[in-house]
Structure formats: structure tokens, C-alpha cells
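Novice:
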Amino acid sequence: ENKLIKMPLNGILNNNNILINTSLNNGFNNIYTYSNKLLNKLLKNSRNGEIICFCNAKIFKNGEFLDKQSHQLFICNGKVIETTEKPNIFVDCEGLILAPGFIDIQLNGAFGIDFTQICTENYEENEKENIQKMEIVKNKLLKYG
0 ENKLIKMPLN GILNNNNILI NTSLNNGFNN IYTYSNKLLN KLLKNSRNGE
50 IICFCNAKIF KNGEFLDKQS HQLFICNGKV IETTEKPNIF VDCEGLILAP
100 GFIDIQLNGA FGIDFTQICT ENYEENEKEN IQKMEIVKNK LLKYG
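First residue of the sequence shown? That's 0 in this note's numbering, and the numbers climb one at a time after it.
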């Protein structure tokens, strides 16, 4: 049986509830609310050969975000796969960024630039220089990760 998981904008990030729709029609007639524990259980099911499709997500690859309308991420047996098979479970990420959990996307600076030092009371005096520093970090992160 196919399942569609709908995640509200802040759902997966802060342990709010997620919505499960087992009817797979656009009317969302059979929507049930569960905790993220169910999502974790479904992800564990992928280890049993079920294919999970994450759709409508911002996926970062090769230095840019892919078009969320035409790119999906598939998981089977705990690994990201390429497939033409029909998934057992669909996860609608509602436009959220989809990133591995081991990546810390919070950043205080990088490449010798400390954001806590450039964002000071005198920010307006050094605004152009500070923006250039942030651009340096942005460009190097895209290039080197």
C-alpha cells in the first residue's frame, strides 16, 4: 500500500506532528496525524526493501539547489538510490531543504571570517567590507563545502 507523508513547514525540524495520507488522491480524504516516530519507523522500513521517495524538496547537489518540481530523492535499504520502480512511500517535504543529518547548516563563519566579529555595533560603517566577507564565505562554501 502506498503512503503519502505531508510534512508541515516546521514539522520535521522540531518534532511537531506529520500528516499521513493513505488515500493518495488530491482530496486528502484520509489524513491522520502522527508524531515523527512514525516517520522514523517508515524510514526503517526502507531497510526491508521498501522504496521511499522524498519529493517537493530543495535538494543541494554540485553547488546548487535542484528544481524541486523535477527532482526527487529515493531511499531503499538505508541508502540513496536511482530507480525507475514505483516507490512504496512518498514524503512531501513541502519545499523544505533536504540534507543529511550529519551536516550542520548553522554557521558562525568560515575560511578565516568570523561573523560574530563583523556583525557589531559599527556594522554600518563597514557594511560594504562585511558584505564582501560574507560573499567570500558563500562562494567558498559552494565551491569547497
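Each residue gets a CB set at the ideal place from its N, CA and C atoms; glycine is no exception.
Assuming Leu141 is part of the beta strand (DSSP E), what are its boundary residues?
Specialist: Counting along the chain, Leu141 falls outside any beta strand (DSSP E), though it belongs to the alpha helix (DSSP H) covering Glu126 to Tyr143.
Novice: Suppose the cutoff is 6 Å on Cβ atoms and the five residues either side in sequence are ignored; what does the same chain contact list for Ile96 look like?
Specialist: A distance below 6 Å between beta-carbons, with the five flanking residues on each side excluded, links Ile96 to the following residues of its chain, in chain order: Lys57.
Novice: Which residue comes first and which comes last in the alpha helix (DSSP H) that contains Ile80?
Specialist: It is not in any alpha helix (DSSP H) - Ile80 instead sits in the beta strand (DSSP E) that spans Lys78 to Ile80.
Novice: Should the segment 63-81 be regarded as contacting the segment 104-113, the criterion being three or more beta carbon pairs within less than 8 Å?
Specialist: In short, these stretches do not touch, since the Cβ pair count stays below three.
Novice: Would you give the residue range spanned by the alpha helix (DSSP H) that Ile117 belongs to?
Specialist: Phe114 to Ile117
Novice: Can you tell me whether DSSP reads Glu123 as helix, strand or coil?
Specialist: helix
Novice: Does the distance from the C-beta atom of Asn87 to that of Glu123 stay below 8 Å?
Specialist: no
Novice: Can you say whether Ile51 is buried or exposed, counting buried as having 16 or more other CB atoms within 10 angstroms of its CB?
Specialist: buried
Novice: Tell me whether the beta-carbon of Asn55 lies closer than 8 Å to the beta-carbon of Gly94.
Specialist: The criterion of a C-beta distance shorter than 8 Å is satisfied by Asn55 and Gly94.
Novice: Which word fits Lys60, buried or exposed, when buried means at least 16 other C-beta atoms lie within 10 angstroms of its C-beta?
Specialist: exposed
Novice: Please report the residue range of the beta strand (DSSP E) in which Leu72 lies.
Specialist: Leu72 to Cys75
Novice: What are the boundary residues of the beta strand (DSSP E) that includes Lys85?
Specialist: Boundaries for Lys85: no beta strand (DSSP E) harbours it, and the DSSP string shows neither H nor E there.
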